[in-house]
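Peer 1:
Protein chains in written order, with my numbering: chain A, 1 to 687; chain B, 1 to 289.
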């Protein structure tokens, strides 16, 4: 048994590309082994540092035996040239070719004898193609070469069974050597196996295995925070990025001047995380501290690295502090007028126009939410002013949050400040959801205004393109409503938003926007339900009768049925419905149409009467529940008709000779189905 | 902070050392281009010379103007006029990383003592119709260099690919000299500071860029320059055409700083400049083959 060991040495490949390249290489090499029926240790790994992409697989046989096989050639009627080509490509002679009939006709065949193949030969032949198959999300060319790679590829080391594999990948010849000094790209050294390679680099402090690097970084951080009584935020994405931009991680704890802690913490955290890839720390009460972690790629023996990073953060935080001090006192209300100069979107006016519309809309929503109209109007008016601040110029990702801090500093109502701060939330499926009604109202009006606007100027997303992230906007809208359990007439709000646009002179086709946006939002609800692992047939059913005004109902009913579908109340409900609807469907095919009105005067027996009575009881239940429906209770009530239905089918023949009686019995069944529609249309549920 | 070199390396010595270093690597040491530009990349020795098949190596200092970054000389890190040291080599040499790290040693930054990091940074210049992949280079957390493999310039795919190295001289010197404010940088061995030379101009140009530039005139000048560029492109004289285009670009930058260009207009102006650059690039390439 042998090992395959490949190292691709390049200039620094960004973290995300590295992760992707590891996965791609892993997948491609696995497919190669499987396709060629070569055994291998399936628990193999691909490792990477910024400069090295390393593949290691062991337990590979050095030889594989290929069984003899009959290779089909051209049809016997094909031109002679085809046969000649077949003979040539199989390196054989005419004598060894024979004819054989198959289902598709008579063909020439050639019998390839069983033979042994060296795995190293196969690898040498195929490795170049395996590497070519790696797809990069973002790749480049360099010098005069035609190769695309994440960053310039410098050398390839390839070993099988302790011997070098020789192949050419574009302009690069593989060998058994690599550069041991990644910085200056020198120190060529021969390696014949993976272990000595790993050992050599470990002695230099270089950890090839990313998981090991992660563990070491995390351990070191934990050691320090435990000693200092600190916490860090669990930020997997940042940690994973850090792990992949170092090869010999050294964790250094640094600090900045405490005076900066007077600046809103979000600004400090963003500066540290996104701009510098530092890890901020918090005390036990979750307050940001002035300690932060730098993960260096070098041991800081002379203290230069700590000093340098502390100076960098000092300069950056000074900048942020300067802007904060300057911006926080600029009166928000007095600046509203200046929003006239800031374009919201081409064709949708300025931000001033937008907040006028949002004010109307949020004011209407405030009636439903029973919140103060004055407060939500103030929040709408000032919510976009922060876009003109230096701080948002510097930290665009903090829009809203920064505005909330300005509002707080200037003494605005607490709920107004929070609403401004949370106006962009949620931003997609995973993001934090605002809970306070003022925040929800402001976020709803912002999103509705945008959605109506984009649909109004016909910038709807297509199946492949969504440059303005409109889908995310709509999904966020769905989340705002269903997760906060808001009962709201979305249709009316859309119409009202259209009229707010029309008041400003926009020529919007209200009906068209309403229809298209309706479909679009319902689609997002379906996606949302899918994410919540609701069965597809239930999703389809939920939106069959329930529309835009009933997002919450559709959501809750789906959830309830999904939960109960294997239990008696769900199972029986569907069985009863299906039994009735199946008969109706067959009859409809021979064009007996029913309206769902049975005539009790035509009933011939008690079974019909009992079923009729039970249906009416259930109808009364649905009429009485109003807004506070307990969906599980509804399912229970529906399934309780089981006995009456079974008795009916066991004792009554629907297909009575008397057409009028038959029709009446069908009407009764239709009545039952329509009654079930009160929950939702079960016809799409697969039993 | 800095090892090996005992006395503090002055701003001008930093430039001399880099020039000497890259001169030894075979680069043509040029002088700054004599027009207002936003970055060293705009020098025709980079934009135009990176196009076409002919090999080319150059290095030069380029004063760069970014009107919107002016802070009246009040901010220790921001300037509307600063210096870049630019290197451009076509095709990109195999040992370019080694060369770069050695160039840092020549100004006293030893990569074995500092955390030198190549951090992903995909570069794009909408006005130049240019894009590239590479890194910003961090030294102990401070960005000191942009390192880019040009993939596209003036809307044309680069073949062969050039590598561009742009050192931010002020940042680099602040690091080397251990200064918190750019204005405290030592310019020469006589102790002349950056403040002595540039503070007044930062203040006055900020006032010009933000308050006094005559926008009506500038809008007109933009139109005139744009027309002139198009005319020169028709005459197929790319270098004078490019000069007019650079002037356009600077006029646009001042208008932008004056805050008289809306977001929508902004995109439109950028697109207009890009169209000019592209047409010039085309004429230039034709002249190269």
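Think of the CB as a built atom: it goes at the ideal place given N, C-alpha and C, for glycine as much as any other residue.
In the segment 93-116 of chain B, which residues sit with their C-beta less than 9 Å from some C-beta in chain A, listed in chain order?
Peer 2: Of all residues in the segment 93-116 of chain B, 93, 94, 95, 96, 97, 98, 101, 102, 111, 112, 113, 114, 115, 116 have a Cβ within less than 9 Å of some Cβ in chain A.
Peer 1: Establish whether the CB of residue 216 of chain B and some CB of chain A are separated by less than 8 Å.
Peer 2: Stepping through the second chain from its first residue, residue 216 of chain B is reached at position 216. No, no contact with chain A.
Peer 1: Please report how far the alpha carbon of residue 408 of chain A lies from the alpha carbon of residue 265 of chain A, in whole angstroms.
Peer 2: If you number the first chain from 1, residue 408 of chain A lands on position 408. If you number the first chain from 1, residue 265 of chain A lands on position 265. Spanning the two alpha carbons is a distance of roughly 14 Å.
Peer 1: Consider the Cβ of residue 142 of chain A: report whether some Cβ of chain B lies at a distance smaller than 8 Å.
Peer 2: Taking the first residue of the first chain as position 1, residue 142 of chain A is located at position 142. Yes, because at least one Cβ of chain B sits closer than 8 Å to the Cβ of residue 142 of chain A.
Peer 1: Between the segment 180-188 of chain A and the segment 119-138 of chain A, do at least 3 Cβ pairs fall closer than 8 Å?
Peer 2: Contact between the segment 180-188 of chain A and the segment 119-138 of chain A is absent, because fewer than three Cβ pairs lie under 8 Å.
Peer 1: Which chain A residues are close to residue 119 of chain B, counting only those with a beta carbon under 9 Å from its beta carbon?
Peer 2: Residue numbering aside, residue 119 of chain B sits at position 119 when the second chain is read from its first letter. Ordered by position in chain A, the residues that pass the 9 Å Cβ test against residue 119 of chain B are 12, 14, 245, 277.
Peer 1: Using 8 Å as the limit for Cβ to Cβ distance, is residue 133 of chain B near chain A?
Peer 2: For the purposes of this step, residue 133 of chain B is taken as residue 133 along the second chain, with counting starting at 1. Yes, residue 133 of chain B counts as interfacial toward chain A.
Peer 1: DSSP three-state call for residue 54 of chain A: helix, strand or coil?
Peer 2: Your numbering for residue 54 of chain A matches position 54 in the first chain. Residue 54 of chain A: strand per DSSP, three-state reduction.
Peer 1: Who are the neighbours of residue 206 of chain A on chain B, taking C-beta pairs under 8 Å?
Peer 2: Position 206 of the first chain, counted from the first residue, corresponds to residue 206 of chain A. Going along chain B, no residue has its Cβ under 8 Å from residue 206 of chain A, so there is no contact; the nearest lies around 14 Å.
Peer 1: Measure the alpha-carbon distance for residue 617 of chain A versus residue 594 of chain A and round it to whole angstroms.
Peer 2: Here residue 617 of chain A is taken as the residue at index 617 of the first chain, counted from 1. Here residue 594 of chain A is taken as the residue at index 594 of the first chain, counted from 1. Their Cα atoms are separated by approximately 21 Å.
Peer 1: Per DSSP, which residues does residue 254 of chain A bridge with? Please list them.
Peer 2: Mapped onto the first chain, residue 254 of chain A falls at position 254. DSSP, once it has assigned bridges, lists A:292 as partnering residue 254 of chain A.
Peer 1: Assuming residue 204 of chain A and residue 188 of chain A form a contact by the criterion Cβ under 8 Å, report the distance between their Cβ atoms to the nearest whole angstrom.
Peer 2: Position 204 of the first chain, counting from 1, holds the residue named residue 204 of chain A. Position 188 of the first chain, counting from 1, holds the residue named residue 188 of chain A. About 15 Å; that fails the 8 Å criterion.
Peer 1: Can you grab the Cα-Cα spacing for the pair residue 256 of chain A / residue 242 of chain B, in whole Å?
Peer 2: Position 256 of the first chain, counting from 1, holds the residue named residue 256 of chain A. Position 242 of the second chain, counting from 1, holds the residue named residue 242 of chain B. Near 47 Å, if we compare the C-alpha coordinates of residue 242 of chain B and residue 256 of chain A.
Peer 1: Output needed for residue 36 of chain B: all residues of its chain with C-beta closer than 7 Å, excluding positions within five of it in sequence on either side, in chain order.
Peer 2: Start at 1 with the first residue of the second chain, and residue 36 of chain B comes out as number 36. Excluding sequence neighbours, residue 36 of chain B sits near 65, 250.
Peer 1: Going by the beta-carbon positions, is the gap between residue 371 of chain A and residue 438 of chain A smaller than 8 Å?
Peer 2: Here residue 371 of chain A refers to the residue found at position 371 of the first chain. Here residue 438 of chain A refers to the residue found at position 438 of the first chain. Yes, these two residues count as a Cβ contact at 8 Å.
Peer 1: Whose C-beta lies closer than 6 Å to the C-beta of residue 59 of chain B among residues of the same chain, with five residues either side of it excluded?
Peer 2: Numbered from its first residue, the second chain carries residue 59 of chain B at position 59. So the qualifying residues of the chain are 22, 27, 29, 87.
Peer 1: May I have the straight-line CA-CA distance separating residue 78 of chain A from residue 122 of chain A, to the nearest angstrom?
Peer 2: In the first chain, the residue the question calls residue 78 of chain A occupies position 78. In the first chain, the residue the question calls residue 122 of chain A occupies position 122. Spanning the two alpha carbons is a distance of roughly 32 Å.
Peer 1: Write down the C-beta distance between residue 76 of chain B and residue 181 of chain B rounded to the nearest angstrom, noting that I regard them as a contact closer than 8 Å.
Peer 2: Counting from one through the second chain, the residue named residue 76 of chain B turns up at place 76. Counting from one through the second chain, the residue named residue 181 of chain B turns up at place 181. About 4 Å; that satisfies the 8 Å criterion.
Peer 1: Which two residues bound the contiguous alpha helix (DSSP H) that contains residue 670 of chain A?
Peer 2: The residue given as residue 670 of chain A occupies position 670 in the first chain. Residues 659-676.
Peer 1: Whole angstroms is fine: what's the gap from residue 232 of chain B's alpha carbon to residue 465 of chain A's?
Peer 2: Indexing the second chain from 1 puts residue 232 of chain B at position 232. Indexing the first chain from 1 puts residue 465 of chain A at position 465. Going by the C-alpha atoms only, they are around 39 Å apart.
Peer 1: Give me the chain A residues within the contact set of residue 142 of chain B, using Cβ-Cβ distance strictly less than 7 Å, ordered along the chain.
Peer 2: Taking the second chain and counting its residues from 1, the one referred to as residue 142 of chain B is at position 142. Neighbours of residue 142 of chain B on chain A, chain order: 308, 312.
Peer 1: Is residue 572 of chain A closer than 8 Å to residue 642 of chain A when the C-beta atoms are compared?
Peer 2: Mapped onto the first chain, residue 642 of chain A falls at position 642. Mapped onto the first chain, residue 572 of chain A falls at position 572. Closer than 8 Å, so yes.
Peer 1: Helix, strand or coil for residue 143 of chain A, going by three-state DSSP, please let me know.
Peer 2: Here residue 143 of chain A corresponds to residue number 143 of the first chain, with the count starting at 1. Of the three classes helix, strand and coil, the one that applies to residue 143 of chain A here is coil, per DSSP.
Peer 1: Name the chain B residues that come within less than 7 Å of residue 183 of chain A, Cβ to Cβ?
Peer 2: Here the question's residue 183 of chain A lines up with position 183 in the first chain. Neighbours of residue 183 of chain A on chain B, chain order: 101, 111.
Peer 1: Excluding five sequence neighbours on each side, which residues of the same chain lie with their C-beta closer than 8 Å to the C-beta of residue 273 of chain A?
Peer 2: The residue you call residue 273 of chain A lines up with position 273 of the first chain. Contacts found: 235, 238, 279, 280.
Peer 1: Below 8 Å on the Cβ atoms is my guess for residue 143 of chain A versus residue 240 of chain B; work out the distance and round it to an integer in Å.
Peer 2: For the purposes of this step, residue 143 of chain A is identified with residue 143 of the first chain, where counting begins at 1. For the purposes of this step, residue 240 of chain B is identified with residue 240 of the second chain, where counting begins at 1. So it is not a contact: roughly 32 Å between Cβ atoms.
Peer 1: Considering only their Cβ atoms, is the gap separating residue 58 of chain A from residue 75 of chain A smaller than 8 Å?
Peer 2: Taking the first chain and counting its residues from 1, the one referred to as residue 75 of chain A is at position 75. Taking the first chain and counting its residues from 1, the one referred to as residue 58 of chain A is at position 58. Against a cut-off of 8 Å, the Cβ pair of residue 58 of chain A and residue 75 of chain A comes out as no contact.
Peer 1: Check whether the Cβ atoms of residue 121 of chain B and residue 134 of chain B sit closer than 8 Å, and answer yes or no.
Peer 2: Mapped onto the second chain, residue 121 of chain B falls at position 121. Mapped onto the second chain, residue 134 of chain B falls at position 134. A contact, by the Cβ cut-off of 8 Å.
Peer 1: Could you pull out every unbroken alpha helix (DSSP H) segment of at least 4 residues lying fully inside the segment 435-508 of chain A, listed in chain order?
Peer 2: Runs of the alpha helix (DSSP H) inside the segment 435-508 of chain A: 437-456, 470-483, 490-503.
Peer 1: State yes or no: is the C-beta of residue 6 of chain A within less than 8 Å of the C-beta of residue 60 of chain A?
Peer 2: Taking the first residue of the first chain as 1, we reach residue 6 of chain A at position 6. Taking the first residue of the first chain as 1, we reach residue 60 of chain A at position 60. No. Outside cutoff.
Peer 1: Residue 160 of chain B versus chain A: which residues are under 7 Å apart at the beta carbon?
Peer 2: As a first step, residue 160 of chain B must be located in the second chain, where it is residue number 160. Residues of chain A passing the Cβ test: 143, 144.
Peer 1: Do the CB positions of residue 164 of chain B and residue 150 of chain B come within less than 8 Å of each other?
Peer 2: Counted from its first residue, the second chain places residue 164 of chain B at position 164. Counted from its first residue, the second chain places residue 150 of chain B at position 150. The answer is yes: Cβ separation under 8 Å.
Peer 1: Taking the CB atoms as reference points, tell me whether residue 208 of chain A and residue 47 of chain A lie closer together than 8 Å.
Peer 2: For the purposes of this step, residue 208 of chain A is taken as residue 208 along the first chain, with counting starting at 1. For the purposes of this step, residue 47 of chain A is taken as residue 47 along the first chain, with counting starting at 1. For residue 208 of chain A and residue 47 of chain A, yes; Cβs fall inside 8 Å.
Peer 1: Between residue 580 of chain A and residue 682 of chain A, how many whole angstroms is the CB-CB distance? I'm expecting something under 8 Å.
Peer 2: Indexing the first chain from 1 puts residue 580 of chain A at position 580. Indexing the first chain from 1 puts residue 682 of chain A at position 682. Not really, about 10 Å apart at Cβ, beyond 8 Å.
Peer 1: What number of angstroms, rounded off, separates the C-alpha of residue 62 of chain A from the C-alpha of residue 1 of chain A?
Peer 2: Looking up residue 62 of chain A in the first chain gives position 62. Looking up residue 1 of chain A in the first chain gives position 1. Looking at the two C-alpha atoms, the distance is approximately 6 Å.
Peer 1: For residue 654 of chain A, which residues of its own chain have a beta-carbon under 8 Å away from its beta-carbon, when the five flanking residues on both sides are left out?
Peer 2: One-based indexing of the first chain puts residue 654 of chain A at position 654. These residues qualify, in order along the chain: 583, 662, 665, 666, 669.
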